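Residue numbers (my numbering): 40 to 269. Positions of the beta carbon are idealized from the N, C-alpha and C atoms, including for glycine. These numbers come from a predicted model, not from an experiment. Notes follow once the structure below has been shown.
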């Protein structure tokens with residue numbers, strides 16, 4: 040059962056009920072006003088006492104004012120419910136537009152040093168894993184990554200490589216199911232690639248340095264994850 044549809048149906052039913060209550064209150068106000076005045080005219084004519092009409096009309100005005108207040112309260116409640124429904128729908132649309140990003144974990148192969156890279160957003164800290172390798176000239180690493188335990192779903196994998204220490208050349212590629220899905224060469228700038236992958240698939244990151252490449256040892260920083268559309 041789609042509970043979102045049930046929740047929205049209950050909101051709509053509440054708004055319709057409030058509108059019906061407004062209509063009923065207004066009809067009661069009109070009927071009370073007309074009936075009370077007719078009765079006052081009959082009593083005044085039968086008793087020949089105009090003050091009776093004045094007292095009855097004063098009481099009727101008081102009742103009418105009470106009904107008006109109730110109508111205003113119902114209208115205010117209806118407006119509040121409508122505004123709440125509109126705000127909830129807007130929030131739901133905004134949340135649906137935000138993709139679901141899942142950080143991956145090391146599943147095998149060469150195990151890098153993994154640290155948490157955190158960014159502060161107000162009072163909340165958002166942390167993602169960063170995998171760090173150290174490559175000497177002629178060195179090679181190969182690591183398998185997985186999206187973790189979740190139902191099979193197609194998504195977009197992303198992997199970036201950064202060399203912060205020296206301008207060494209690092210050639211690397213990403214393989215999915217044994218086939219190369221993306222490849223690049225990193226030197227002194229951040230390089231990022233995307234590739235199709237399923238949540239239940241592993242993908243392999245392979246990086247190597249030529250034997251005559253730059254400084255004695257370079258740090259290779261890798262950030263990777265999978266994004267799913269909601």
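Judged by beta-carbon spacing, residue 226 lies beyond the 7 Å limit of residue 176, meaning their Cβ atoms are not closer than that value. Collapsing the DSSP output to three states places residue 130 in a helix. With distances taken between CA atoms, residue 220 lies nearest to 240 out of 179, 208, 240. Judged by beta-carbon spacing, residue 151 lies beyond the 7 Å limit of residue 167, meaning their Cβ atoms are not closer than that value.
By the Cβ neighbour-count rule, residue 194 is buried, with 16 or more other Cβ atoms within 10 Å of its own. Shortest Cα-Cα distance from residue 244 to any of 183, 251, 208, 111 involves 183. The three-state reading of DSSP puts residue 156 in strand, counting E and B together. In this structure, the straight-line span from the alpha carbon of residue 202 to that of residue 234 is close to 21 Å. Boundaries of the beta strand (DSSP E) around residue 265: 257 to 267. Look at the stretch 158 to 225 and you find these whole runs of beta strand (DSSP E), each 3 residues long or longer: 163 to 174, 179 to 185, 193 to 201, 209 to 215, 218 to 225. Around the Cβ of residue 140, a 10 Å sphere holds fewer than 16 other Cβ atoms; the residue is exposed.
When the five nearest sequence neighbours on each side are left out, the beta carbons in the same chain lying within less than 8 Å of the beta carbon of residue 173 are those of 256, 257, 258, 259, in order along the chain.
For residue 266, the closest C-alpha among the options 209, 237, 154 is that of 237. In the DSSP assignment, residue 231 falls within the beta strand (DSSP E) that extends over 230 to 237. Contact between residue 231 and residue 197 holds, since their C-beta atoms are separated by about 7 Å, short of 8 Å. In the displayed model, residue 110 falls within a helix according to three-state DSSP. The C-beta distance from residue 200 to residue 261 rounds to 6 Å, short enough to fall under 8 Å. Counting along the chain, residue 148 sits inside the beta strand (DSSP E) bounded by residues 144 to 148. Residue 242 is positioned such that its CB atom lies closer than 7 Å to that of residue 213. Setting aside the 5 residues that flank it on each side, residue 253 is surrounded in the same chain by 176, 205, 206, 207, 208, each with a C-beta closer than 8 Å to its C-beta; the list follows chain order.
Judged by DSSP secondary structure, residue 246 falls within the beta strand (DSSP E) whose first and last residues are 241 to 247. Taking 7 Å as the cut-off, the beta carbon of residue 246 is found no closer than this to the beta carbon of residue 145. Annotation for residue 192: 237, 238, 267 place their beta carbon closer than 7 Å to its own, counting only its chain and skipping 5 residues before and after.
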